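Written out below as structure tokens is the structure these notes cover.
Numbering (my numbering), first residue to last: 34 to 212.
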């Protein structure tokens, strides 16, 4: 959902609506609940196909906005406060566990696992956002930005998330490393 305002701002409403139609949606989905996996994945792929030079920055911005949305609307205020006062290794492990429990919201039909909880390393096999794509470089800027925003705001503002492997590059899983 957070990709739509980014597309509107950067490409304009007309282009944004064309990309939505290409993704199989006749109108923007309701902001109540989650966007269905298939049109969400198709929208990300359409953005990369039509705007390869700008797709990474647009999907990263959308991922950061998604992280902000999660913090504001999905994580209880008391939990945000507690994470903010805990030492980063402990806060990071707790956040990794929460991400693991709620992975269905961003992994869809893909298979998510936490490889390490601190520093966090996540893998997503059969990632629907890049399923069927081929690339020489990792494409999962949205996922990396979501993880980075959550960890920077809730654990340690110096952390960065880097996608070190990607299904689109022929790897078995997309791998995200917080460093």
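Even glycine gets a Cβ: it sits at the ideal position worked out from N, Cα and C. Please read all numbers here as calculations on a predicted model, not as lab measurements.
{"query": "Alpha-carbon to alpha-carbon, residue 164 and residue 206", "result": "11 Å"}
{"query": "Uninterrupted alpha helix (DSSP H) stretches inside the segment 144 to 209 (no shorter than 4 residues)", "result": "174 to 187"}
{"query": "Three-way DSSP call (helix, strand, coil) for residue 58 in this model", "result": "coil"}
{"query": "Where residue 106 falls, given that 16 or more other Cβ within 10 Å makes a residue buried", "result": "exposed"}
{"query": "Whole-angstrom C-beta distance between residue 157 and residue 184, which should lie under 8 Å", "result": "Not a contact, Cβ separation roughly 16 Å."}
{"query": "Run of the alpha helix (DSSP H) containing residue 83, from where it starts to where it stops", "result": "70 to 83"}
{"query": "Segment limits, alpha helix (DSSP H) that includes residue 128", "result": "121 to 134"}
{"query": "8 Å contact criterion, which residue 125 and residue 153 should meet: CB distance rounded", "result": "6 Å"}
{"query": "Supposed close pair residue 93, residue 174 - CB separation, criterion 8 Å", "result": "5 Å"}
{"query": "Cβ pair count under 8 Å reaching 3, the segment 181 to 196 against the segment 116 to 125", "result": "yes"}
{"query": "Residue 58 versus residue 72: straight-line alpha-carbon distance, rounded", "result": "7 Å"}
{"query": "Assigned secondary structure, residue 116 (DSSP; H/G/I helix, E/B strand, else coil)", "result": "helix"}
{"query": "Proximity below 8 Å, CB of residue 96 to CB of residue 179", "result": "yes"}
{"query": "Close Cβ partners of residue 182 (< 6 Å) along its chain, the five nearest in sequence each way excluded", "result": "97, 100"}
{"query": "Reduced DSSP secondary structure (H/G/I, E/B, other) of residue 211", "result": "strand"}
{"query": "Residue 83 versus residue 129 - alpha carbon distance", "result": "34 Å"}
{"query": "Element boundaries [alpha helix (DSSP H), containing residue 90]", "result": "88 to 106"}
{"query": "Residue burial classification, residue 160 (beta-carbon count within 10 angstroms, cutoff 16)", "result": "buried"}
{"query": "Coil, strand or helix - residue 49 by DSSP", "result": "helix"}
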